[in-house]
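At position 63 of the sequence shown (counting the first as 1) the number is 63 in UniProt numbering, and the numbers step up by one without a gap. Every residue, glycine too, gets a C-beta built ideally from N, C-alpha and C. In what follows, a single structure is set out as C-alpha cells and then discussed.
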Amino acid sequence: MQPRQTVVEAFSTFVQFNADNFGGWIVDPKLRRSMKQILAQGGQENCDRFWALYWHKVWQAQSSEIATAHLAAYLQEVCFWVSRKISLN
Numbered sequence: 001m002q003p004r005q006t007v008v009e010a011f012s013t014f015v016q017f018n019a020d021n022f023g024g025w026i027v028d029p030k031l032r033r034s035m036k037q038i039l040a041q042g043g044q045e046n047c048d049r050f051w052a053l054y055w056h057k058v059w060q061a062q063s064s065e066i067a068t069a070h071l072a073a074y075l076q077e078v079c080f081w082v083s084r085k086i087s088l089n
C-alpha cells in the first residue's frame, strides 16, 4: 500500500480494491474541494492529528455529513491494515 502524502489526500481519498488487494487511492472530488477550501482560508496546519480532531469536533457539534466523510477517508488506511491482519490470522 502506498501511503498518502498530504493532509488533502489523507482526508479525501478512499481505498480502491483490485480483487482482494489494494489497488490504489481514489479521490472523492467533494472532499478534496472541501479540504482545499479550508486550507485556502488559512487552515495551514499540515498535521493529520490536527485535522482528525478538527473534523471530529465538527462532527460532534453539527452531525455534519462532510465531517463524517472526511473522518471515514482518514480511517481508510488503518481499517485496511486491521482487516488484512484479521484475515491473515
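(message) For H70 and W55, which I take to be in contact (beta-carbon distance under 8 Å), what is that distance rounded to the nearest angstrom?
(response) Position 70 of the sequence shown, counted from the first residue, corresponds to residue 70. Position 55 of the sequence shown, counted from the first residue, corresponds to residue 55. Indeed, because the Cβ distance is near 4 Å, the residues count as touching under 8 Å.
(message) Assess contact between the region 61–79 and the region 7–16, defined as three or more Cβ pairs (one per stretch) separated by less than 8 Å. Is contact present?
(response) yes
(request) State the Cα-Cα distance for the pair E65 and L53, rounded to the nearest angstrom. (result) What you label residue 65 is simply residue 65 of the sequence shown in a count that begins at 1. What you label residue 53 is simply residue 53 of the sequence shown in a count that begins at 1. Rounded to whole angstroms, E65 to L53 spans 16 Å at the Cα level.
(request) Kindly provide the ranges of any beta strand (DSSP E) runs that are 3 or more residues long and lie completely inside the region 9–45, ordered along the chain. (result) 13–18, 21–27
(request) Quick one: residues in its chain with C-beta nearer than 8 Å to the C-beta of K36, no 5 flanking neighbours on either side, listed in chain order? (result) Counting from 1 along the sequence shown, the entry for residue 36 is found at position 36. So the list reads V8, once near-sequence residues are dropped.
(message) Buried or exposed for K86, going by 16 or more other Cβ atoms inside 10 Å?
(response) As a working mapping, residue 86 is identified with position 86 in the sequence shown. Rather than Lys, the amino acid found at residue 86 in this sequence is Ile. Exposed, by the Cβ-count rule.
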